[in-house]
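Visitor:
Have a look at this one:
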């Protein structure tokens, strides 16, 4: 079971912050990651993928680009209010514990793609891999950390891959 953590694509300047939209470059970044994911995830895994997205416009637009590239249904996306830029990490870790069951529970494994913002994505990915207080992973826009674990708790995940759109150009 994997949890993929992605920062939204490049956004336009403006206010209010929750309404900022992706720039055209940001849309292309998201499409590039979407195409890469389409090659990495076979159809059966894409069918089991759930997108968990910040309510902010730029994250929702990034999710649209990813959904299009992966040919996902609207039912495979949910908005999570607790993953905006400056939200605390503990409720997100608690959400993972509650909603992403361990593989040992006998349920069909699902993959999850969280699309959010810095500093939350960096703090979340780093905490899951290296434990609380770690901030080793720096997310450029539309970067993605692919984590694998049996239990989603701080310090228990393995970093399978870290990719940015610039590497895929």
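In full-length UniProt numbering, the protein residues as written are 1 to 169.
Virtual Cβ for every residue (Gly too), placed ideally from N, Cα, C.
(1) According to DSSP, is residue 144 helix, strand or coil?
(2) In chain order, which continuous runs of the alpha helix (DSSP H) of length 4 or greater are located wholly inside the region 30 to 99?
(3) If you reduce the DSSP assignment to three classes, tell me which class residue 166 lands in.
(4) For residue 54, is the classification buried or exposed, using 16 other Cβ atoms within 10 angstroms of its Cβ as the cut-off for buried?
(5) Starting from the C-beta of residue 20, find all residues in its chain whose C-beta is less than 8 Å away, skip the five residues before and the five after it, and write them out in chain order.
(6) Which residue's Cα is closest to the Cα of residue 121: 166, 75, 48 and 93?
(7) Can you say whether residue 116 is buried or exposed, counting buried as having 16 or more other CB atoms within 10 angstroms of its CB?
(8) Spatial neighbours of residue 155 within its chain, please: CB distance less than 8 Å, with the 5 preceding and 5 following residues excluded, ordered by chain position.
(9) Would you mind sorting residue 8 into buried or exposed? The rule is 16 or more other CB atoms within 10 Å of its CB.
(10) Below 9 Å between beta carbons: does that hold for residue 66 and residue 6?
Guide: Based on what the coordinates show:
(1) DSSP places residue 144 in strand when its eight states are reduced to three.
(2) For the region 30 to 99, whole alpha helix (DSSP H) runs of length 4 or above, ordered along the chain, are 43 to 47, 57 to 70 and 89 to 99.
(3) Of the three classes helix, strand and coil, the one that applies to residue 166 here is helix, per DSSP.
(4) Result: buried.
(5) Within the same chain, and ignoring the five residues on either side of residue 20 in sequence, the residues whose Cβ sits closer than 8 Å to its Cβ are 11, 12, 13, 14, 56, 57 and 58.
(6) The shortest CA-to-CA distance from residue 121 to any of 166, 75, 48 and 93 is the one to 93.
(7) So residue 116 counts as buried.
(8) Within its own chain, the residues whose Cβ lies closer than 8 Å to the Cβ of residue 155, once the five positions on either side in sequence are excluded, are 127, 128, 129, 130, 131 and 132, listed in chain order.
(9) Taking all protein chains shown into account, residue 8 has 16 or more neighbouring C-beta atoms within 10 Å of its C-beta and is therefore buried.
(10) Yes; because the gap between Cβ atoms is below 9 Å, this pair is in contact.
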